[in-house]
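Following this note's numbering, the numbering of the sequence shown begins with 166 at its first residue and continues without gaps.
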Amino acid sequence: MCYCNGYSGLAVADYLVEKALQDGTPISNMTVLKMIFFAQGFGFPDLNRRLIRDEFYAWQWGPVEEKTYKAFRKYGGNGIMRPSNKAKRGSGRYKSAPRDNGAFRYDIQVS
């Protein structure tokens, strides 16, 4: 399957939220927005294409991908307690989901 057009920002965010929850470290909306922005920047040189197909906007407190912001804004500055699952289809698999095939090999520590 070709992901030439990139993943949705929300699919990448859900993946990162799941990983953070598995590690016992919930992340905030602001943190996940910054992480997907950095994933976009770090991923481009290795992939030679955009990792995330959605647009980022410069807001007062940092880069924002709107669909991801809207999906997690209810948590405010608190830790996100579960993925949005809005990027999943009925089969339970992600639409255009990131795979752990090296695209997420960067060890980003969340504190």
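By construction, the Cβ of each residue, glycine as well, lies at the ideal position given by its N, Cα and C atoms.
Can you pull the DSSP bridge partners for residue 227? 224
So what does residue 172 bridge to, in DSSP terms? 217
Taking only the alpha-carbon atoms, compute the straight-line gap between residue 196 and residue 247 and give it to the nearest angstrom. 14 angstroms
In chain order, what residues of the same chain have a beta carbon less than 6 angstroms from the beta carbon of residue 229, not counting five sequence neighbours either side? 198 and 222
Rounded C-alpha distance that separates residue 210 from residue 171: 14 angstroms
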